[in-house]
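In the UniProt record's numbering, the protein residues as written are 1 to 407.
Structure below.
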């Protein structure tokens, strides 16, 4: 946990990372917890690696290639090629898919004149559903008619049977191709972080699982979405530990990653290696998964979201603009996307009627509260458990699935 002045600014550190020195300096006590619980963190780490199904994921990657080829052939038969293109997206290509993940697919289509984005998407999906209804072979592939989901991003859900393996699929349409380009390149960037360090994927998976069980995840209920949670993990691995676990790859490989909606490579090959090998000559962080999970919770327990923003492109935490945070409708969390200018954490908000009364909130926190307070309380509770060194550290299954507030 020792800090070093030369790591303090992004331009001085060869990995282009701005370590959050204020946090590192303030949390020297964490080293005592890490030392006291060394064996327990090692046990927790082994459980986390066991929970991360490497072999099953390898089999799923083969299945993804098959389903991509099959679905692409079907969709392009419907609409023609190259006018309409089917691409995999999200965790399917980012390297964060688990054995139970849905397969995310997107049809790139031209916008319809005068139609808003969502209406354009719905129109294409209605047409696709009709074409499926006229194609018995496609219905046989997906076991009947797909289910239309009228969400913020409309989609069709179905289960495809690929050589006897049922796979849940989400199929959406991108009429605004600039917006899709951003998400496509985000997935590519995440994949390269996953390839850079073997700890990235399992830590993201564990944190997402924990977040869903403890009310940190839930974009429809004023909490973080899955992508924002991944960004929080990546930011922590860059700026919340010293030396960092991962570098800022965007400036490390100029021209290889997108630098905005209008400045991006036109072809993305998810399997292509970077133009140069990943750097090996910098100090490496040797923390295990259990230690990183504790430090992640500690980082965001201490993080002052009201005063500090996260800039993923610059890999740093920086003071928020006073004009922004003093506005009545200013976001509770400012998380700047690495590719474009949007805030993936905009789903975290607070309104007068946003009191959380769902069973998870009441059971875990002792009563209703605002979602943002629930998020902070969840981080605090995890840190309290880790730092209560007179109490044995719980197993991963209990940390993930059971209430630790009452212990």
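All residues carry an ideal CB built from backbone N, CA and C; glycine is no exception.
Nothing here was measured: the structure is a model prediction, and the numbers come from that model.
Three-state secondary structure assigned by DSSP to residue i
i	result
residue 331	coil
residue 390	coil
residue 407	In this prediction, residue 407 scores a pLDDT of 34, lower than 50, which makes its location untrustworthy; no coordinate-derived value is stated.
residue 165	strand
residue 246	coil
residue 132	helix
residue 307	coil
residue 314	coil
residue 371	helix
residue 251	helix
residue 319	strand
residue 268	coil
residue 377	helix
residue 436	Lying outside 1 to 407, the shown extent of the chain, residue 436 is not represented and no answer is given.
residue 194	helix
residue 79	helix
residue 184	helix
residue 96	coil
residue 257	coil
residue 384	helix
residue 400	helix
Proximal residues to residue i (C-beta, below 7 angstroms), its chain only, five neighbours per side dropped
i	result
residue 231	312, 335, 344
residue 400	209, 210, 213
residue 299	23, 236, 240
residue 17	10, 238, 239, 244, 247, 248, 315
residue 395	47
residue 7	Interpretation of residue 7 is limited by its pLDDT of 34, a score under 50 that renders its predicted location unreliable; the figure taken from the coordinates is listed afterwards. So the qualifying residues of the chain are 13, 19, 242, 243.
residue 149	155, 157
residue 378	214, 215, 216
residue 68	88
residue 63	162, 165, 167
Per-residue burial, residue i [other beta carbons within 10 Å of its own, 16 or more giving buried]
i	result
residue 199	buried
residue 423	Absent from the model: residue 423. The displayed extent of the chain is 1 to 407, so no value can be given.
residue 119	exposed
residue 430	Nothing about residue 430 can be reported from this structure: the residues present for the chain run from 1 to 407 only.
residue 271	exposed
residue 340	buried
residue 235	buried
residue 329	exposed
residue 147	exposed
residue 281	exposed
residue 242	buried
residue 202	buried
residue 391	exposed
residue 143	exposed
residue 35	exposed
residue 92	buried
residue 94	buried
residue 30	buried
residue 137	exposed
For residue i, the residue or residues it bridges with in DSSP
i	result
residue 172	106, 155
residue 147	157
residue 224	217
residue 88	105
residue 336	311
Own chain partners of residue i with C-beta closer than 6 angstroms, once the 5 adjacent residues on each side are dropped
i	result
residue 347	219, 225
residue 72	86
residue 89	104, 106
residue 111	120, 175
residue 166	159
residue 122	154
residue 124	109, 173
Other residues of its chain near residue i: CB distance less than 8 angstroms, five sequence neighbours each side excluded
i	result
residue 383	294, 297, 298, 301
residue 66	162, 163
residue 217	208, 211, 223, 224, 225, 226, 229
residue 252	15, 16, 279
residue 337	182, 186, 231, 312, 313, 343, 344
residue 320	306, 307, 308, 309, 334
residue 380	301
residue 33	294, 386, 387, 389
residue 276	253
Between the region 287-296 and the region 44-55, can you find at least three pairs of beta-carbon atoms closer than 8 angstroms? yes
Inter-stretch contact at 8 angstroms, needing at least 3 Cβ pairs: the region 104-124 / the region 156-174: yes
Do the region 183-195 and the region 120-133 make contact, defined as three or more Cβ pairs closer than 8 angstroms? no
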